[in-house]
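Enquirer: Input: one structure, supplied below.
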Amino acid sequence: MRSIRPRLALLGAALLATAPLAIATPAVAAPDTTATPTIEEQRLDKAAPQEILRRSGFDEVAPDFARALAGTHSATEAERVVTREGRALWKHAVDRVQGRGPAGGDLSRDDDRPLYWARLGMTRALGEWQPGFPLTDARRAALVDTLERTSRGQDSLDLPAGTNIKRIVVTGFDPFQLDADVRRSNPSGAAALALDGTTIRTDSGPARVETAVFPVRWADFADGTVERALLPAFRPGPRRVDAYLTVSQGRVGRFDVERTNGAWRGGYPDNANISRTETVPIPAGVPTPHPQPQWTTTTLPYERIVAANTGPVPVYDNTTVTEIPAGGTTPVVRPDGPTPGSTARAGGGGDYLSNEIAYRATLLRDAVGLKAPGGHLHTPVLQFGPGNTDPATGQVTDPDFVHNREAITAQVRSILTVVAATTR
Numbered sequence: 390m391r392s393i394r395p396r397l398a399l400l401g402a403a404l405l406a407t408a409p410l411a412i413a414t415p416a417v418a419a420p421d422t423t424a425t426p427t428i429e430e431q432r433l434d435k436a437a438p439q440e441i442l443r444r445s446g447f448d449e450v451a452p453d454f455a456r457a458l459a460g461t462h463s464a465t466e467a468e469r470v471v472t473r474e475g476r477a478l479w480k481h482a483v484d485r486v487q488g489r490g491p492a493g494g495d496l497s498r499d500d501d502r503p504l505y506w507a508r509l510g511m512t513r514a515l516g517e518w519q520p521g522f523p524l525t526d527a528r529r530a531a532l533v534d535t536l537e538r539t540s541r542g543q544d545s546l547d548l549p550a551g552t553n554i555k556r557i558v559v560t561g562f563d564p565f566q567l568d569a570d571v572r573r574s575n576p577s578g579a580a581a582l583a584l585d586g587t588t589i590r591t592d593s594g595p596a597r598v599e600t601a602v603f604p605v606r607w608a609d610f611a612d613g614t615v616e617r618a619l620l621p622a623f624r625p626g627p628r629r630v631d632a633y634l635t636v637s638q639g640r641v642g643r644f645d646v647e648r649t650n651g652a653w654r655g656g657y658p659d660n661a662n663i664s665r666t667e668t669v670p671i672p673a674g675v676p677t678p679h680p681q682p683q684w685t686t687t688t689l690p691y692e693r694i695v696a697a698n699t700g701p702v703p704v705y706d707n708t709t710v711t712e713i714p715a716g717g718t719t720p721v722v723r724p725d726g727p728t729p730g731s732t733a734r735a736g737g738g739g740d741y742l743s744n745e746i747a748y749r750a751t752l753l754r755d756a757v758g759l760k761a762p763g764g765h766l767h768t769p770v771l772q773f774g775p776g777n778t779d780p781a782t783g784q785v786t787d788p789d790f791v792h793n794r795e796a797i798t799a800q801v802r803s804i805l806t807v808v809a810a811t812t813r
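The working numbering applies: residue 390 is where the sequence shown begins, and numbers increase by one.
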């Protein structure tokens, strides 16, 4: 995430000099420092997000958070509130998906969307909040950053120590392409919520799974949100991961294990309606190879995954990339991976943020010398049922939609079991 979000630029004039008490001055209204909602937050007022929040019991999250903020008396106290409430939202979402506590409504428990829309309600409340104490733009931006990290599970990858258990990290994504259909869910995010804190049993021993969810925003990735979350788990130590799996939504009717990841951003608009076409930027201060490689490669046991009976949807070892060959100028599709000296234009997973999280995670893996299975899995596209495909007239959920999402999550778990069985 950017160190100062664009909407916070309006807050710079919020602090006024205090007039001496002995001088009577006319009352002057405080300047309006209400931040303009972000593009993502503006979608929150649509009927579908409001229905999703109401039918999950998450509609009170943002109002409760706003009241807690209003009761703070210092930036330090606000930081504590933001941290506490962000972590509580993540836990509430995980508990709901995993069947703990009340459902809060009739929306299917496996749904990832309440977390996404409730978080946006909280970030909007934080942008609109006018504290009764001085708060710089930078400090407010830091609060937004804290809220993003804590409510996504990024600061709570609590892997156990010890040699009698394996440690696995799984990541998912927010819903995206919401201007086309604001009802959309992301099966990778649903899988992350379903797997967080769970234990997978394998013939070679148990594996503890910890998960996090990432935004669909170019700027956050450029600012190092992936590296900051994963580095503590990737570095040497008693809690170092034994395997990791980045997951995102891919193509209709198939899973893909992506063999190769490319160092290129293809420019497709993100959830903030921002495009980026450039080499993947690596943030300063994180371990990374030099020079920056054009390609990184999975260490997942792709042959075993493809051969295993993990579920009803076929799983493919995807080796296709798009490159500019050494000495060339025109992109070429290669079905069997990149050729020596080529420049990346798309990994197996494309040139969007799913390819980028795979590239960043594997690049970090190599930089810190992590010898473990790791790479990217694309899930099938999550589809609504027949008769519910028009976002203008359709419902926010239907039986096929729920069944499809549950089936994808179950197969992700099965694939992860194959990965866990191959770790030391």
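From the three backbone atoms N, C-alpha and C, an ideal C-beta is built for every residue, glycine too.
Being a predicted model, the structure only gives us computed values, none of them experimental.
Measure the alpha-carbon distance for P729 versus T686 and round it to whole angstroms.
Expert: Each residue's Cα considered, the two are about 14 Å apart.
Enquirer: What residue does the beta strand (DSSP E) around F610 start on, and which one ends it?
Expert: Careful: F610 lies outside any beta strand (DSSP E), inside the alpha helix (DSSP H) at 607 to 611.
Enquirer: Please report the residue range of the alpha helix (DSSP H) in which V770 lies.
Expert: Unbroken run through V770: none, as it is neither H nor E.
Enquirer: State the Cα-Cα distance for the pair S445 and P452, rounded to the nearest angstrom.
Expert: Going from the Cα of S445 to the Cα of P452 covers about 15 Å.
Enquirer: Enumerate, from N- to C-terminal direction, the unbroken alpha helix (DSSP H) stretches of 4 or more residues contained entirely within the stretch 526 to 563.
Expert: Correct list: 526 to 539.
Enquirer: Would you check if the distance between the CB atom of S577 and the CB atom of F562 is smaller than 7 Å?
Expert: Yes. Within cutoff.
Enquirer: Using the DSSP secondary-structure output, state which residues sit across from Y705 in a beta bridge.
Expert: Answer by DSSP bridge pairing, in chain order: D645.
Enquirer: Would you decide whether A747 is buried or exposed? Buried here means 16 or more other CB atoms lie within 10 Å of its CB.
Expert: Per the 10 Å Cβ criterion, buried.
Enquirer: Examine the Cβ distances between the stretch 752 to 759 and the stretch 772 to 792 and report whether three or more of them are shorter than 8 Å.
Expert: Result no; under three Cβ-Cβ pairs closer than 8 Å.
Enquirer: Determine the extent of the beta strand (DSSP E) in which S637 is found, giving its start and end residues.
Expert: From DSSP, the beta strand (DSSP E) with S637 extends over 632 to 638.
Enquirer: For K760, count the other beta carbons within 10 Å of its own beta carbon; 16 or more makes it buried, fewer makes it exposed. Which is it?
Expert: Classification of K760: exposed, given that the 10 Å Cβ count is below 16.
Enquirer: Sorted by chain position, which residues of the same chain lie with C-beta nearer than 6 Å to E430's C-beta, five sequence neighbours on each side aside?
Expert: Cβ within range, chain order: L509, R513.
Enquirer: Between which two residues does the beta strand (DSSP E) holding G655 run?
Expert: Looking at the DSSP string, the run of the beta strand (DSSP E) that includes G655 is 653 to 655.
Enquirer: Taking A455 as the reference, which of A507, T688, A437 has the closest Cα?
Expert: Among A507, T688, A437, the Cα nearest to that of A455 belongs to A507.
Enquirer: Checking 7 Å against the spacing of the C-beta atoms, do L634 and V559 come in under that value?
Expert: For L634 and V559, yes; Cβs fall inside 7 Å.
Enquirer: Put F522 into one of helix, strand or coil per three-state DSSP.
Expert: If DSSP states are grouped into helix, strand and coil, F522 belongs with coil.
Enquirer: Are the beta-carbon atoms belonging to Q638 and T798 less than 7 Å from one another?
Expert: Taking 7 Å as the Cβ cut-off, Q638 and T798 do not qualify as a contacting pair.
Enquirer: Could you give the distance in angstroms between the alpha-carbon of V486 and the alpha-carbon of S497?
Expert: Near 8 Å, if we compare the C-alpha coordinates of S497 and V486.
Enquirer: Less than 8 Å between the CB atoms is what I'm expecting for V704 and I804, so what's the real figure, rounded?
Expert: Yes, V704 and I804 are in contact; Cβ-Cβ is about 7 Å, under 8 Å.
Enquirer: Taking only three categories from DSSP, how would you classify F565?
Expert: Correct three-state label for F565: coil.
Enquirer: Would you list the one or two residues that DSSP bridges to T857?
Expert: What is shown of the chain runs 390 to 813, which leaves residue 857 out entirely.
Enquirer: Find out if the Cβ-Cβ distance for the pair L742, V646 is shorter than 7 Å.
Expert: No, these two residues do not count as a Cβ contact at 7 Å.
Enquirer: Across which residues does DSSP place N650 in a beta bridge pair?
Expert: DSSP lists T685 as partners of N650.
Enquirer: Is the beta carbon of R693 closer than 7 Å to that of V807?
Expert: Yes.
Enquirer: Which class does A810 belong to by DSSP, given the choice of helix, strand or coil?
Expert: Looking at A810 - three-state DSSP - the assignment turns out to be helix.
Enquirer: Taking only three categories from DSSP, how would you classify L766?
Expert: In the structure shown, L766 sits in a strand (DSSP, three-state: E or B).
Enquirer: Under DSSP, the alpha helix (DSSP H) around V615 begins and ends at which residues?
Expert: From DSSP, the alpha helix (DSSP H) with V615 extends over 614 to 623.
Enquirer: Taking DSSP as the reference, what is the three-state secondary structure of R444?
Expert: Of the three classes helix, strand and coil, the one that applies to R444 here is coil, per DSSP.
Enquirer: Write down the C-beta distance between G493 and K555 rounded to the nearest angstrom, noting that I regard them as a contact closer than 8 Å.
Expert: 33 Å between Cβ atoms; not a contact.
Enquirer: Does I804 come out as helix, strand or coil in the three-state DSSP assignment?
Expert: I804: helix per DSSP, three-state reduction.
Enquirer: Taking 7 Å as the cut-off, decide whether the C-beta atoms of T591 and A809 are in contact.
Expert: The answer is yes: Cβ separation under 7 Å.
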